[in-house]
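Peer 1: Its first residue numbered 269, the sequence shown is counted upward by one per residue in our numbering. Glycine included, every Cβ here is placed at the ideal spot set by N, Cα and C. The structure follows.
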Amino acid sequence: MSKVNNNGDNNSTSDHSLIGEEEEDNQEEHDDDEEKEEEEEEEEEEGKEDAQLASRSGELLLYTICENDMKFHQDQVHIVKTVDESGVLDGKWLQRGVDSGNMQGYLYATANASGCINIYTLEQCALDSSDSSSRTSGYQLRHVAVSQSDDANIHGLALSLAWDESSTTSSLDHDDCANNDPLVIKQTRIISSYSKGSLALHDIYLSKNEMDGDDIDTTATTAMIRMEESQRWDAHTLFACPSEVWTTCFTSNKYYNTHSNSVLSGGDDCKMKLWDMRTCHKPMHVQDDFEAGVTAVSYHPRLEHIFAVGSYDEKIRIWDMRKLGGRSSNGGLPLDCIDVGGGVWRIKWHPWDGNRMLVGAMHGGCRVLQIDGIQHVETTLDSVGVNSRITKEFKEHKSMAYGADWILSSSENYDLDAATSCSFYDKAAYIWNAH
269 MSKVNNNGDN NSTSDHSLIG EEEEDNQEEH DDDEEKEEEE EEEEEEGKED
319 AQLASRSGEL LLYTICENDM KFHQDQVHIV KTVDESGVLD GKWLQRGVDS
369 GNMQGYLYAT ANASGCINIY TLEQCALDSS DSSSRTSGYQ LRHVAVSQSD
419 DANIHGLALS LAWDESSTTS SLDHDDCANN DPLVIKQTRI ISSYSKGSLA
469 LHDIYLSKNE MDGDDIDTTA TTAMIRMEES QRWDAHTLFA CPSEVWTTCF
519 TSNKYYNTHS NSVLSGGDDC KMKLWDMRTC HKPMHVQDDF EAGVTAVSYH
569 PRLEHIFAVG SYDEKIRIWD MRKLGGRSSN GGLPLDCIDV GGGVWRIKWH
619 PWDGNRMLVG AMHGGCRVLQ IDGIQHVETT LDSVGVNSRI TKEFKEHKSM
669 AYGADWILSS SENYDLDAAT SCSFYDKAAY IWNAH
């Protein structure tokens, strides 16, 4: 019998008894076990360090953009550290109940890498000439609410969110305080999606309290927000494991609440699903004929039944809620399908012009689409004549274009009609002419 020790030398058995060899073997096995345990502990510590280094941190930057030059003004920016200092993966404004004299009606919600949903109010702040870093813009974001019991280790990253615009009316208008009543309660909802396969519904309670105190302007009004998670369910799986739910939205808008009890979701499992939130243990409809993950769903802001779906397969499909089939993938066909030349990450319908759409198409840059014929579908259910075409391309990003949105005037005129886009790879944001 022979063996090899740690330095690789061969030892003969001629000078040792069998018992001595076994004892020596056992000792070396014990030493090997200790070394293995030490290596595992070192690897565990290194893993913790790597996890810390790989943590997603982020912040919000609130810019003032002047209509006459359409630029990001670096001296008019308000920087907001996120509450948990985690990365911001999605953000949506709620612009309801706002008049020209009340900026309090603007709310902004973010989906964070920590798994939390955060809500901020847009407020005017006193100009301070001595502080040029954060107070020169005249506006600031103030944190007012955070979702409860969200843990990225359990639910994963919060990937996307959407406000329910159909369930809130004039939420924070000054005129709501009839008879000098200091408190008016309104309610809306947020739907959010997560990297470990789930969707969550949050009830948002909005109230308005007149502030008082010696050091506070008693004519000011502040928004008081309370957020409660009312439902959570497993939505998407891939090979029996949780799948990233990249996108979600309500199937309603501020003009129509016909489908207000439903939400759409899209996941890395290459499926779009329609859910009834009253019975969310199984979807009402599953569309599974996509060639890649479903990354964007967006309901039309002015029409009753129309929504758009984007995918990594580089296509945008326009759908009518009334033409969706059952749980089978062959239950219905989209009104139209267009290839935009890049994986779709963001879809933004134009708020006023219902025939236009802005698309963040990743490596393909950004696109503006003209979609003709969808108003005809609303009234006749006849999809013949729906036609989508690309009218504008923006390719200035050095890498993938992810974020995209419209920049518009405060009224429904077209004096200002631009787009903005961004990417976290080139760390750049652009403003560009959308025509």
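Considering only residues of the same chain and omitting the five flanking positions on each side of Ile-606, which have a CB-CB separation below 6 Å?
Peer 2: Residue mapping note: residue 606 aligns to position 338 of the sequence shown, counting from 1. Result list for Ile-606: Ile-584 and Ser-656, in chain order.
Peer 1: Rounded to the nearest angstrom, how far is the Cβ of Ala-669 from that of Cys-634, given a contact under 8 Å?
Peer 2: As a working mapping, residue 669 is identified with position 401 in the sequence shown. As a working mapping, residue 634 is identified with position 366 in the sequence shown. That belief holds up - the Cβ atoms of Ala-669 and Cys-634 are roughly 5 Å apart, short of 8 Å.
Peer 1: Any idea what DSSP makes of Ile-459, helix, strand or coil?
Peer 2: On the sequence shown, residue 459 is found 191 positions in, with the first residue counted as 1. Looking at Ile-459 - three-state DSSP - the assignment turns out to be strand.
Peer 1: Going by DSSP, what residue range makes up the alpha helix (DSSP H) through Thr-647?
Peer 2: Sequence index remark: in the sequence shown, residue 647 carries index 379 (1-based). That run of the alpha helix (DSSP H) goes 642 to 648.
Peer 1: Would you mind sorting Lys-541 into buried or exposed? The rule is 16 or more other CB atoms within 10 Å of its CB.
Peer 2: As a first step, residue 541 must be located in the sequence shown, where it is residue number 273. With 16 or more Cβ atoms within 10 Å of its Cβ, Lys-541 is classed as buried.
Peer 1: By Cβ distance, which residues of its chain are closer than 7 Å to Lys-360, with the 5 residues on each side in sequence left out?
Peer 2: Working through the sequence shown from its first residue, we reach residue 360 at position 92. Answer for Lys-360: Ala-377, Leu-429, Ala-430 and Trp-431, listed in chain order.
Peer 1: Who are the near neighbours of Leu-592 in its chain, counting only those whose CB is closer than 6 Å to its CB and skipping five residues on each side?
Peer 2: Translated into positions along the sequence shown, residue 592 becomes position 324. Once the five neighbours on either side are set aside, the close Cβ partners of Leu-592 are His-553 and Gly-600.
Peer 1: How should Asp-537 be labelled, buried or exposed, when 16 other C-beta atoms within 10 angstroms of its C-beta is the threshold for buried?
Peer 2: Along the sequence shown, read from residue 1 onward, the residue named residue 537 stands at position 269. With 16 or more Cβ atoms within 10 Å of its Cβ, Asp-537 is classed as buried.
Peer 1: Just to confirm the assignment, what range does the alpha helix (DSSP H) spanning His-423 have?
Peer 2: As a first step, residue 423 must be located in the sequence shown, where it is residue number 155. 420 to 423 is the span of the alpha helix (DSSP H), which, as asked, contains His-423.
Peer 1: Give me, in chain order, the residues of the same chain whose beta-carbon lies closer than 6 Å to that of Arg-590; leave out the 5 immediate sequence neighbours on both sides.
Peer 2: As a first step, residue 590 must be located in the sequence shown, where it is residue number 322. Counting only Cβ-Cβ distances below 6 Å, and skipping sequence neighbours, we find His-573.
Peer 1: Taking the alpha carbon of Thr-519 as the point to measure from, which residue in Pro-569, Asp-694 and Leu-390 has its own alpha carbon closest?
Peer 2: In the sequence shown, residue 519 corresponds to position 251, counting from 1. Taking only the C-alpha atoms, the option nearest Thr-519 is Pro-569.
Peer 1: Where does the unbroken beta strand (DSSP E) through Thr-688 begin, and where does it stop?
Peer 2: Counted from its first residue, the sequence shown places residue 688 at position 420. 685 to 691 is the span of the beta strand (DSSP E), which, as asked, contains Thr-688.
Peer 1: Let me confirm a value: Thr-563 is counted as buried when at least 16 other C-beta atoms fall within 10 Å, else exposed. Which label applies?
Peer 2: Position 295 of the sequence shown, counted from the start, is the residue given in the question as residue 563. Thr-563 is buried by the Cβ-count criterion.
Peer 1: Hey, His-644 and Gly-632 are a contact pair by Cβ (cut 8 Å); roughly how many whole angstroms apart?
Peer 2: Here residue 644 corresponds to residue number 376 of the sequence shown, with the count starting at 1. Here residue 632 corresponds to residue number 364 of the sequence shown, with the count starting at 1. Contact flag wrong, Cβ pair sits at about 29 Å.
Peer 1: Out of Tyr-524, Leu-362, His-411 and Tyr-374, point me to the one whose CA is closest to Cys-384's CA.
Peer 2: Your numbering for residue 384 matches position 116 in the sequence shown. Ranked by Cα distance from Cys-384, the first of Tyr-524, Leu-362, His-411 and Tyr-374 is His-411.
Peer 1: Specify, as a first and last residue, the run of the beta strand (DSSP E) that Glu-327 falls within.
Peer 2: If you number the sequence shown from 1, residue 327 lands on position 59. Its beta strand (DSSP E) spans residues 325 to 333.
Peer 1: By DSSP, does Met-589 sit in helix, in strand, or in coil?
Peer 2: As a position in the sequence shown, residue 589 is number 321, starting the count at 1. Helix at Met-589.
Peer 1: So, for Ala-420: in the same chain, excluding its five sequence neighbours on each side, which residues have a beta-carbon less than 6 Å away from its beta-carbon?
Peer 2: Locating residue 420 in the sequence shown gives position 152, where the first residue counts as 1. Answer for Ala-420: Ser-382 and Gly-383, listed in chain order.
Peer 1: From this set, Leu-649, Ile-472 and Thr-659, which residue's C-alpha is nearest Glu-496's C-alpha?
Peer 2: For this step, residue 496 is matched to residue 228 along the sequence shown. Nearest of Leu-649, Ile-472 and Thr-659 to Glu-496, Cα basis: Ile-472.
Peer 1: Could you give the distance in angstroms between the alpha-carbon of Ser-461 and the alpha-carbon of Trp-514?
Peer 2: Stepping through the sequence shown from its first residue, residue 461 is reached at position 193. Stepping through the sequence shown from its first residue, residue 514 is reached at position 246. Their Cα atoms are separated by approximately 7 Å.
Peer 1: Which residues share a DSSP beta bridge with Ser-475?
Peer 2: Working through the sequence shown from its first residue, we reach residue 475 at position 207. Its beta-bridge partners are Met-492.
Peer 1: Going by DSSP, which residues form a beta bridge with Cys-509?
Peer 2: Along the sequence shown, read from residue 1 onward, the residue named residue 509 stands at position 241. Note: Cys-509 sits in a beta bridge opposite Leu-506.
Peer 1: From this set, Tyr-693, His-703, Lys-695 and Thr-688, which residue's C-alpha is nearest Lys-339's C-alpha?
Peer 2: Within the sequence shown, residue 339 is the residue found at index 71, counting from 1. Among Tyr-693, His-703, Lys-695 and Thr-688, the Cα nearest to that of Lys-339 is on Thr-688.
Peer 1: Output the boundary residues of the beta strand (DSSP E) element that contains Cys-605.
Peer 2: Position 337 of the sequence shown, counting from 1, holds the residue named residue 605. Taken as a continuous stretch (DSSP letters only), the beta strand (DSSP E) holding Cys-605 covers 604 to 607.
Peer 1: Here's a check: name, in chain order, each residue in its chain whose Cβ is nearer than 6 Å to the Cβ of Cys-509, leaving out the five neighbours to either side.
Peer 2: To locate residue 509, count along the sequence shown from 1; it is residue 241. Cβ-Cβ distances below 6 Å link Cys-509 to nothing in the same chain once the five nearest sequence neighbours on each side are left out.
Peer 1: Leaving out five residues before and five after Asp-449 in sequence, what residues of the same chain have Cβ atoms less than 6 Å from its Cβ?
Peer 2: Taking the sequence shown and counting its residues from 1, the one referred to as residue 449 is at position 181. Confidence at Asp-449 is low in this model, with a pLDDT of 39, below 50, so its placement is unreliable and no value can be given for it.
Peer 1: Counting C-beta neighbours from all protein chains within 10 Å, is the total for Gln-555 16 or more, i.e. buried, or is it exposed?
Peer 2: Looking up residue 555 in the sequence shown gives position 287. Answer is buried; the Cβ neighbour count reaches 16.
Peer 1: I need the boundaries of the beta strand (DSSP E) containing Thr-389, first residue and last residue.
Peer 2: The residue you call residue 389 lines up with position 121 of the sequence shown. Its beta strand (DSSP E) spans residues 385 to 392.
Peer 1: Helix or strand or just coil, what does DSSP make of Glu-353?
Peer 2: The residue you call residue 353 lines up with position 85 of the sequence shown. Correct three-state label for Glu-353: strand.
Peer 1: Counting along the chain, where does the beta strand (DSSP E) carrying Gly-222 start and finish?
Peer 2: Shown here, the chain extends from 269 to 703; a query on residue 222 therefore has no answer.
Peer 1: Starting from Ala-564, trace the beta strand (DSSP E) both ways and give me its first and last residue.
Peer 2: Residue 564 sits at position 296 when you count from the first residue of the sequence shown. It spans 562 to 567 - the beta strand (DSSP E) in which Ala-564 sits, taken as one unbroken run.
Peer 1: Can you give me the C-alpha to C-alpha distance between Ile-484 and Ser-566, rounded to a whole angstrom?
Peer 2: Counting from one through the sequence shown, the residue named residue 484 turns up at place 216. Counting from one through the sequence shown, the residue named residue 566 turns up at place 298. Because Ile-484 sits at a pLDDT of 30, beneath the cut-off of 50, its placement in the model cannot be relied upon, and the following sentence gives the value as read from the coordinates. For Ile-484 and Ser-566, the distance between alpha carbons rounds to 41 Å.
Peer 1: Determine the closest residue to Trp-501 out of Met-492, Ser-466, Asn-521 and Thr-516, with distance taken between C-alpha atoms.
Peer 2: The sequence position of residue 501 within the sequence shown is 233, counting from 1. That would be Ser-466, whose Cα lies nearest to the Cα of Trp-501.
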